[in-house]
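Peer 1: Submitted below is the structure of interest, expressed as structure tokens.
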Amino acid sequence: MKVRILTVGTKMPKWVQTGFDEYFKRIQPMLSTEIVEIAAAKRAKNPSEANLAQYREQEGQAILAAHQASSREQLWVLDVKGKMLSTEGLAEKLADSMQQGDDIALVIGGADGVSPEVLAKADVKWSLSALTLPHPLVRVVLMEQLYRAMSINHNHPYHRGN
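As structure tokens, then:
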């Protein structure tokens, strides 16, 4: 199984890259992981709602172009309105995907969210939290949770949940 993180945005702050890289390195023996950065749409200083929709559409087209739908790659989209999962629940979903032989494209949308087209194609809509998280921090939290879930699946002592 392979997980590809399709994320809108490039040039993350150093602290984000450091945190992401730490968990990225740790997870590789358990789960092949790749990051695919997608350029954010060029934004106006004071965008209208129509501009925001246009940005989501442009970024959504790039996300769907990067998604390998024909290769049994499930599309999991991080969305504030998605289903919340416990770490144990995430571990189960990953184990199920592994058993089915599916890969996963995990989408981190742009600053203005994800296009309706991407949401419509999502196999899983997942909310990391009811909190509003800074976009760059989501990368770090996501990688840590993937690592923790895989630690559960591999009986590694990293996870100390219930």
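Using the numbering used here, the first residue of the sequence shown is number 4, and each one after it goes up by one.
For each residue, glycine too, the CB sits at the ideal point set by N, CA and C.
(1) Assess, as a yes-or-no matter, whether the stretch 75 to 87 is touched by the stretch 42 to 58 under the definition of 3 or more beta carbon pairs within less than 8 Å.
(2) Are the stretch 137 to 153 and the stretch 23 to 30 in contact at 8 Å, needing three or more beta carbon pairs?
(3) How long is the line joining the alpha carbons of P16 and P139, rounded to whole angstroms?
(4) Could you check which residue in M87, A72, D82 and E95 has the C-alpha nearest to that of H157?
(5) Considering Cα atoms alone, identify which of A125, A98, A72 and G63 is closest to G85.
(6) Spell out the partners DSSP gives N128 in its beta bridges.
(7) Looking at V39: is its Cβ nearer than 8 Å to the Cβ of D82?
(8) Give the C-beta separation of R46 and A108 to the nearest angstrom, bearing in mind that I take them to be a contact with Cβ-Cβ under 8 Å.
(9) Between which two residues does the beta strand (DSSP E) containing T10 stretch?
(10) My guess is that V144 and L131 are in contact by the Cβ rule of under 8 Å, so how many angstroms apart are they, rounded?
(11) Tell me G113's beta-bridge partners as DSSP assigns them.
(12) Opposite M87 in the DSSP bridges: which residues?
(13) With T36 as the anchor, note down where its beta strand (DSSP E) starts and where it stops.
(14) From L67 to A42, what distance separates their C-alpha atoms?
(15) Relative to the alpha-carbon of S74, which residue among T90, G104, A133 and E62 has its alpha-carbon at the smallest distance?
(16) Could you give the residue range of the alpha helix (DSSP H) that holds S73?
(17) Going by alpha carbons, who is nearest to T21 out of P160, I155 and M146?
Peer 2: Per the coordinate set shown:
(1) no
(2) yes
(3) 8 Å
(4) E95
(5) A125
(6) According to the sequence displayed, residue 128 carries Lys and not Asn. Answer is V80.
(7) no
(8) Not confirmed; about 24 Å, so no contact.
(9) K5 to V11
(10) 6 Å
(11) G116
(12) S130
(13) S35 to I41
(14) 13 Å
(15) G104
(16) No alpha helix (DSSP H) contains S73, which DSSP labels as neither H nor E.
(17) M146
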